[in-house]
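Going letter by letter, the sequence shown gives residues 830 to 995 in the working numbering.
Step one of this worksheet: look at the structure below.
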Amino acid sequence: MSQAQSSQPQLPPTSAIDSPLNHTSENWFAYPVRVQPHHTDYAGVVWHGTYINWMEEARIECLRSIGIEYVDLVALGCDLPVVELSVRYHRSIQLGKAVLVKTRMADVTGVRINWDYAITSTDGQELYATAKVTLVALDRERGKIMRQLPASVKDALARVSLLQNN
């Protein structure tokens, strides 16, 4: 069966997360992390799932940095679960290393909110991982995807966009 005839959703090509991102751009929010023992495997190398935790922490702190508390979004009845995630690991990170988890909101399409990530050395010379995450607005009470973002959530996301474009 050809790709065009397939009813299965297709994953984006891995080149979408290789490293075409402009990691020196000023519109990234940078979240510093130092690798602790609980972040690593038995060999002192950061465990692959740790990167995902760091990305979520960076996204929440990015919102907090402009006055948007995630708990307030939830209180509005809107949850933002991850529905799509792709990560490209470029090189490993060792115990004790300081890194920056950079994030930015890429775009909002309907109720889908796309974020880009780059995990780099503090001097920006080493690229450890790149990722893309898609969130979707979910009505917590009904447990269903919303038809549109609530006005207050749209306003909050517009503030993120303004911050990144200035």
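Cβ coordinates follow ideal geometry from the N, Cα and C atoms, glycine included.
Please read these numbers as outputs of a predicted model, since none were measured by experiment.
For P861, list the residues DSSP reports as bridge partners. Mapped onto the sequence shown, residue 861 falls at position 32. Answer is L929, bridged to P861.
Pick from I948, A987, D984: whose alpha carbon is nearest that of T879? On the sequence shown, position 50 is the one that residue 879 refers to. Out of I948, A987, D984, I948 has the C-alpha closest to the C-alpha of T879.
Cβ-Cβ separation, Y946 to V962 (assumed contact under 8 angstroms), whole Å: Looking up residue 962 in the sequence shown gives position 133. Looking up residue 946 in the sequence shown gives position 117. Yes, V962 and Y946 are in contact; Cβ-Cβ is about 7 angstroms, under 8 angstroms.
Taking the continuous alpha helix (DSSP H) assigned at D901, which residues delimit it? Within the sequence shown, residue 901 is the residue found at index 72, counting from 1. Where D901 is concerned, the enclosing alpha helix (DSSP H) starts and stops at 899–904.
W883: first and last residue of the uninterrupted alpha helix (DSSP H) it sits in: One-based indexing of the sequence shown puts residue 883 at position 54. For W883, the enclosing alpha helix (DSSP H) starts and ends at 877–894.
According to DSSP, simplified to helix, strand and coil, what is V965? The residue labelled residue 965 in the question sits at position 136 within the sequence shown. Looking at V965 - three-state DSSP - the assignment turns out to be strand.
Which residue's Cα is closest to the Cα of P910: G972, V989, A980? Mapped onto the sequence shown, residue 910 falls at position 81. Among G972, V989, A980, the Cα nearest to that of P910 belongs to G972.
Just reading off the beta strand (DSSP E) that T949 is part of, what are its end residues? To locate residue 949, count along the sequence shown from 1; it is residue 120. Boundaries of the beta strand (DSSP E) harbouring T949: 941–950, taken from the DSSP string.
By a C-beta neighbour count over all protein chains shown, 10 Å radius and 16 as the cutoff for buried, is H868 buried or exposed? In the sequence shown, counting from the first residue as 1, residue 868 sits at position 39. The residue is buried, with at least 16 neighbouring Cβ atoms inside 10 Å.
C-alpha gap between V937 and E913, whole angstroms: Against the sequence shown, residue 937 aligns to sequence position 108. Against the sequence shown, residue 913 aligns to sequence position 84. Cα to Cα, the separation comes out at about 14 angstroms.
Which whole-angstrom value is the C-beta distance of L905 and S981, which I expect to be below 8 angstroms? Counted from its first residue, the sequence shown places residue 905 at position 76. Counted from its first residue, the sequence shown places residue 981 at position 152. About 6 angstroms; that satisfies the 8 angstroms criterion.
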